[in-house]
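First to last, the sequence lines map onto chains A and B.
Count along the first sequence from 1, then add 1; that gives the number in my numbering.
Count along the second sequence from 1, then add 1; that gives the number in my numbering.
We put the beta carbon where it would ideally sit given N, CA and C, even for glycine.
2 protein chains.
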Amino acid sequence: MAVAAKSKTDVDDNKGRKASKEFRRQQLIDATIDCLAEFGYSATTLAGVSDRAGLSRGIVNFHFESKENLLIATLQFLADEYAANWKDAVAKAGDNPVEQLRALVHADFNRTVNTRRKLAAWCAFWGEARSRPTYNALCGARDAAYQELVRKLCRQIAREARHPGDSDIIALSLDSLLEGLWLRMMLAPQDIKLDLAREAAMEFLRNAFPNHYPRE
Amino acid sequence: MAVAAKSKTDVDDNKGRKASKEFRRQQLIDATIDCLAEFGYSATTLAGVSDRAGLSRGIVNFHFESKENLLIATLQFLADEYAANWKDAVAKAGDNPVEQLRALVHADFNRTVNTRRKLAAWCAFWGEARSRPTYNALCGARDAAYQELVRKLCRQIAREARHPGDSDIIALSLDSLLEGLWLRMMLAPQDIKLDLAREAAMEFLRNAFPNHYPRE
DNA sequence: AGCCACATTGAATGGCCGTTCAGCAATTTA
DNA sequence: TAAATTGCTGAACGGCCATTCAATGTGGCT
Numbered sequence: 002m003a004v005a006a007k008s009k010t011d012v013d014d015n016k017g018r019k020a021s022k023e024f025r026r027q028q029l030i031d032a033t034i035d036c037l038a039e040f041g042y043s044a045t046t047l048a049g050v051s052d053r054a055g056l057s058r059g060i061v062n063f064h065f066e067s068k069e070n071l072l073i074a075t076l077q078f079l080a081d082e083y084a085a086n087w088k089d090a091v092a093k094a095g096d097n098p099v100e101q102l103r104a105l106v107h108a109d110f111n112r113t114v115n116t117r118r119k120l121a122a123w124c125a126f127w128g129e130a131r132s133r134p135t136y137n138a139l140c141g142a143r144d145a146a147y148q149e150l151v152r153k154l155c156r157q158i159a160r161e162a163r164h165p166g167d168s169d170i171i172a173l174s175l176d177s178l179l180e181g182l183w184l185r186m187m188l189a190p191q192d193i194k195l196d197l198a199r200e201a202a203m204e205f206l207r208n209a210f211p212n213h214y215p216r217e
Numbered sequence: 002m003a004v005a006a007k008s009k010t011d012v013d014d015n016k017g018r019k020a021s022k023e024f025r026r027q028q029l030i031d032a033t034i035d036c037l038a039e040f041g042y043s044a045t046t047l048a049g050v051s052d053r054a055g056l057s058r059g060i061v062n063f064h065f066e067s068k069e070n071l072l073i074a075t076l077q078f079l080a081d082e083y084a085a086n087w088k089d090a091v092a093k094a095g096d097n098p099v100e101q102l103r104a105l106v107h108a109d110f111n112r113t114v115n116t117r118r119k120l121a122a123w124c125a126f127w128g129e130a131r132s133r134p135t136y137n138a139l140c141g142a143r144d145a146a147y148q149e150l151v152r153k154l155c156r157q158i159a160r161e162a163r164h165p166g167d168s169d170i171i172a173l174s175l176d177s178l179l180e181g182l183w184l185r186m187m188l189a190p191q192d193i194k195l196d197l198a199r200e201a202a203m204e205f206l207r208n209a210f211p212n213h214y215p216r217e
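As structure tokens, then:
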């Protein structure tokens with residue numbers, strides 16, 4: 002969405018040819034996310050993407066060389082945005098592990114990252130990840146750094162908890178629960194809205210660490 | 002895998018032409034699961050499926066009319082097998098809700114249902130579910146009946162629990178956690194084996210209902 | 001104004017894949 | 001054994017789609 006402005010006006014406009022290369026790339030990535038959400042991975046075509054972007058047929062190959070590159074750039078964008086979102090949330094949460102973990106969970110249901118179309122795009126890539134090493138690496142079950150942080154925070158919190166359990170298992174469950182909630186929000190959006198999903202995740206934290214996340 | 006025998010010998014053999022129509026269909030469905038797991042949805046072709054099955058190019062259209070039908074039949078098979086698995090497990094668990102829920106969780110990590118290739122096939126369909134109503138209905142976030150049962154069991158157990166919480170939210174979380182664990186077993190099989198995933202799910206139950214699922 | 005650099009276009013190309021179907025061969029029936 | 005039935009084959013067809021590239025148009029520069 003937000004694109005670094007390059008032209009002297011400092012505000013790129015999307016009309017005509019003034020659009021910078023970066024702007025065009027982002028425009029095409031957005032169109033790709035739309036197509037993935039609407040048609041699925043297998044029915045996403047370059048014709049569809051260029052139509053959606055309101056540009057001509059050859060445009061993708063001009064800016065991305067190949068369809069494969071466009072898709073990788075799209076996944077890269079989603080992954081970067083996702084990572085920036087949670088890192089920002091944690092940074093703002095101060096240095097208390099309990100608050101940091103709470104912020105991490107809330108970040109997953111932020112309205113810029115957790116959109117219908119982006120959820121669907123993620124899911125489309127998950128479906129292809131097994132057979133494409135590049136996708137697999139980028140999906141990486143969200144991010145190695147993310148999981149590492151969750152494990153660290155759980156360990157810190159569990160150290161002073163009554164039920165120690167195995168904090169690594171709690172971290173794994175939390176990761177999986179968050180991904181599972183995303184998946185269900187995609188498969189059955191009428192059953193589970195953003196607020197409900199967030200509430201489910203917080204309920205998990207309250208059950209896992211009852212002393213640190215008390216019921217109101 | 003197991004196919005009802007139809008011929009007079011009562012034991013179908015797969016060689017030559019004696020194979021019954023049902024046997025051929027199952028053979029092709031198995032080949033389709035293999036291809037989905039190995040190549041992903043978008044790269045699964047009828048040529049690939051027939052090669053994998055060791056049969057000729059036109060065979061799928063002969064037995065299934067179209068590629069679309071083959072894929073629907075494959076998903077149907079996975080869904081039926083999955084449902085039969087948990088229903089059987091619950092039936093064997095007696096009529097105690099606590100034991101039934103434990104059986105339900107364990108059923109999800111049964112080695113007949115929870116295979117690498119089947120996990121990957123499920124995930125391939127998830128990725129296309131949004132844009133194909135038929136897939137969406139069959140995936141149905143696993144099964145309406147399944148979720149209904151989980152909700153019912155959680156409600157029964159929560160009724161006598163100390164932390165009531167909202168039992169529907171716990172049920173939702175459990176569903177999502179199980180799906181999320183499946184997803185992660187697919188995306189990062191080296192990180193999370195069957196036993197670890199089952200342990201994570203059981204840990205969730207212990208935290209949600211500490212009085213009913215005590216720590217050893 | 002005139003030129004240059006280059007972003008953009010869209011028709012042409014070639015390959016891949018689902019579908020069809022006439023023919024073949026194995027099995028069954030007469 | 002001959003005929004009939006039927007599962008199966010694989011070459012041929014047609015459509016779709018990614019990619020290419022010569023032509024076009026636009027903005028920036030002198």
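Point to revise | Residues, ordered as in the chain, of the region 152-171 of chain B that lie near chain A by beta-carbon distance below 8 Å | key: 164, 166, 167, 170 and 171
Review point. When you compare only the Cα positions, how much space is there between residue 38 of chain B and residue 161 of chain A?
Key: On the second sequence, position 37 is the one that residue 38 of chain B refers to. On the first sequence, position 160 is the one that residue 161 of chain A refers to. For residue 38 of chain B and residue 161 of chain A, the distance between alpha carbons rounds to 43 Å.
**Study point:** Integer-rounded CB distance, given that residue 188 of chain B should sit under 8 Å from residue 140 of chain A
**Key:** As a first step, residue 140 of chain A is located in the first sequence; it is residue number 139 there, counting from the start. As a first step, residue 188 of chain B is located in the second sequence; it is residue number 187 there, counting from the start. So it is a contact: roughly 6 Å between Cβ atoms.
Check your understanding: Going by the CB atoms, is the gap between residue 98 of chain B and residue 154 of chain B shorter than 9 Å?
Key -> Mapped onto the second sequence, residue 154 of chain B falls at position 153. Mapped onto the second sequence, residue 98 of chain B falls at position 97. Yes; because the gap between Cβ atoms is below 9 Å, this pair is in contact.
Check your understanding: Which residues mark the beginning and the end of the alpha helix (DSSP H) in which residue 27 of chain B is found?
Key -> If you number the second sequence from 1, residue 27 of chain B lands on position 26. Here the alpha helix (DSSP H) through residue 27 of chain B covers 22-40.
Practice item. Please confirm if residue 205 of chain A has its CB atom under 9 Å from at least one CB of chain B. Key: Taking the first sequence and counting its residues from 1, one reaches residue 205 of chain A at position 204. So, interface residue.
Review point. Can you tell which of B:186, B:108, B:74 and B:82 has its C-alpha closest to the C-alpha of residue 90 of chain B?
Key: As a first step, residue 90 of chain B must be located in the second sequence, where it is residue number 89. Nearest of B:186, B:108, B:74 and B:82 to residue 90 of chain B, Cα basis: B:108.
Practice item. Inspect the CB distances between the region 61-76 of chain A and the region 110-118 of chain A and report whether three or more fall short of 8 Å. Key: no
Point to revise | Whole-angstrom distance between residue 180 of chain B and residue 184 of chain A, CA atom to CA atom | key: As a position in the first sequence, residue 184 of chain A is number 183, starting the count at 1. As a position in the second sequence, residue 180 of chain B is number 179, starting the count at 1. Their backbone Cα atoms lie some 8 Å apart in a straight line.
Point to revise | Extent of the continuous alpha helix (DSSP H) to which residue 112 of chain B belongs | key: What you label residue 112 of chain B is simply residue 111 of the second sequence in a count that begins at 1. Premise fails: residue 112 of chain B is in no alpha helix (DSSP H) and is neither H nor E.
Check your understanding: Looking at residue 186 of chain A and residue 103 of chain A, is the spacing between their C-beta atoms short of 9 Å?
Key -> As a working note, residue 103 of chain A is residue 102 in the first sequence. As a working note, residue 186 of chain A is residue 185 in the first sequence. Contact flag unset, no.
Check your understanding: Cα separation between residue 51 of chain A and residue 208 of chain A?
Key -> The residue given as residue 51 of chain A occupies position 50 in the first sequence. The residue given as residue 208 of chain A occupies position 207 in the first sequence. The straight-line gap from Cα to Cα measures roughly 48 Å.
Review point. Applying the criterion that 16 or more other CB atoms from any shown protein chain within 10 Å of the CB defines a buried residue, is residue 27 of chain A buried or exposed?
Key: Here residue 27 of chain A refers to the residue found at position 26 when the first sequence is read from its first residue. Buried, by the Cβ-count rule.
Exercise for review: Starting from the Cα of residue 80 of chain A, find the closest Cα among A:151, A:166, A:147 and A:206 and give me that residue.
Suggested key: Here the question's residue 80 of chain A lines up with position 79 in the first sequence. Of A:151, A:166, A:147 and A:206, the residue nearest in Cα terms is A:147.
Exercise for review: Kindly list the residues whose CB is nearer than 8 Å to the CB of residue 100 of chain A, restricted to its own chain and excluding five residues on each side of it in sequence; keep chain order.
Suggested key: Position 99 of the first sequence holds residue 100 of chain A. 94.
Practice item. Pull up the distance between the alpha-carbon of residue 200 of chain A and that of residue 130 of chain A, whole angstroms please. Key: Residue mapping note: residue 200 of chain A aligns to position 199 of the first sequence, counting from 1. Residue mapping note: residue 130 of chain A aligns to position 129 of the first sequence, counting from 1. In a straight line, the C-alpha of residue 200 of chain A is about 29 Å away from that of residue 130 of chain A.
Point to revise | residue 170 of chain B: first and last residue of the uninterrupted alpha helix (DSSP H) it sits in | key: Taking the second sequence and counting its residues from 1, one reaches residue 170 of chain B at position 169. Here the alpha helix (DSSP H) through residue 170 of chain B covers 168-188.
Review point. How is the alpha helix (DSSP H) around residue 45 of chain A delimited, first residue to last?
Key: In the first sequence, counting from the first residue as 1, residue 45 of chain A sits at position 44. Run containing residue 45 of chain A: none; DSSP gives neither H nor E here.
Review point. Excluding the five sequence neighbours on either side, which residues of its own chain have a C-beta within less than 8 Å of the C-beta of residue 215 of chain B, listed in chain order?
Key: Sequence index remark: in the second sequence, residue 215 of chain B carries index 214 (1-based). Result list for residue 215 of chain B: 207, in chain order.
Check your understanding: So, is residue 59 of chain B buried or exposed, given that buried needs 16 or more other C-beta atoms within 10 angstroms?
Key -> The residue you call residue 59 of chain B lines up with position 58 of the second sequence. With fewer than 16 other Cβ atoms within 10 Å, it is exposed.
Review point. Distance, Cα to Cα, residue 116 of chain B vs residue 126 of chain B?
Key: Here the question's residue 116 of chain B lines up with position 115 in the second sequence. Here the question's residue 126 of chain B lines up with position 125 in the second sequence. The straight-line gap from Cα to Cα measures roughly 15 Å.
Review point. Using a Cβ cut-off of 9 Å, which residues of the region 62-95 of chain A contact any Cβ in chain B, in chain order?
Key: none
Practice item. Can you grab the Cα-Cα spacing for the pair residue 105 of chain A / residue 151 of chain B, in whole Å? Key: As a first step, residue 105 of chain A must be located in the first sequence, where it is residue number 104. As a first step, residue 151 of chain B must be located in the second sequence, where it is residue number 150. The alpha-carbon atoms of residue 105 of chain A and residue 151 of chain B are separated by roughly 28 Å.
Exercise for review: Could you pull out every residue in the same chain whose Cβ sits closer than 6 Å to the Cβ of residue 168 of chain A, ignoring the five residues on either side in sequence?
Suggested key: To locate residue 168 of chain A, count along the first sequence from 1; it is residue 167. Cβ within range, chain order: 155, 156 and 159.
Check your understanding: I think residue 43 of chain B touches residue 43 of chain A, with their Cβ atoms under 8 Å apart; what is that distance to the nearest whole Å?
Key -> Counting from 1 along the second sequence, the entry for residue 43 of chain B is found at position 42. Counting from 1 along the first sequence, the entry for residue 43 of chain A is found at position 42. Contact flag correct, Cβ pair sits at about 4 Å.
Exercise for review: Would you list, in sequence order, the uninterrupted alpha helix (DSSP H) runs of no fewer than 4 residues that lie entirely inside the region 74-113 of chain A?
Suggested key: 98-108
Point to revise | Cβ-based contacts, 8 Å cut-off: residues of the region 121-145 of chain B near chain A | key: 121, 124, 125, 126, 127, 128, 129, 130, 131, 132, 133, 137, 140, 141 and 142
Exercise for review: Go to residue 65 of chain B, then tell me how far its alpha helix (DSSP H) extends in each direction, as first and last residue.
Suggested key: As a working note, residue 65 of chain B is residue 64 in the second sequence. Start and end: 60-65.
Check your understanding: If you run the structure through DSSP and keep just helix, strand and coil, what is residue 200 of chain B?
Key -> Translated into positions along the second sequence, residue 200 of chain B becomes position 199. In the structure shown, residue 200 of chain B sits in a helix (DSSP, three-state: H, G or I).
**Study point:** Local Cβ density within 10 Å of residue 194 of chain A, reported as buried at 16 or more and exposed below that
**Key:** The residue labelled residue 194 of chain A in the question sits at position 193 within the first sequence. Flag for residue 194 of chain A reads exposed.
Practice item. Using the Cα positions of residue 47 of chain B and residue 75 of chain B, report the straight-line distance between them to the nearest angstrom. Key: In the second sequence, the residue the question calls residue 47 of chain B occupies position 46. In the second sequence, the residue the question calls residue 75 of chain B occupies position 74. Each residue's Cα considered, the two are about 13 Å apart.
Check your understanding: Run through DSSP, which three-state label would residue 12 of chain B get?
Key -> The residue given as residue 12 of chain B occupies position 11 in the second sequence. A caution first: residue 12 of chain B carries a pLDDT of 41, below 50, which makes its placement in the model unreliable, though a value can still be read off. Of the three classes helix, strand and coil, the one that applies to residue 12 of chain B here is coil, per DSSP.
Check your understanding: The alpha helix (DSSP H) spanning residue 134 of chain B covers which residue range?
Key -> Translated into positions along the second sequence, residue 134 of chain B becomes position 133. Here the alpha helix (DSSP H) through residue 134 of chain B covers 134-140.
Point to revise | Classification of residue 198 of chain B by the beta-carbon crowding that lies within 10 angstroms, buried from 16 upward | key: Walking along the second sequence from the start, residue 198 of chain B turns up at place 197. Flag for residue 198 of chain B reads buried.
Check your understanding: Using a beta-carbon distance below 9 Å, is residue 42 of chain B in contact with chain A?
Key -> Within the second sequence, numbered from 1, the residue matching residue 42 of chain B stands at position 41. At least one chain A Cβ lies under 9 Å of residue 42 of chain B.
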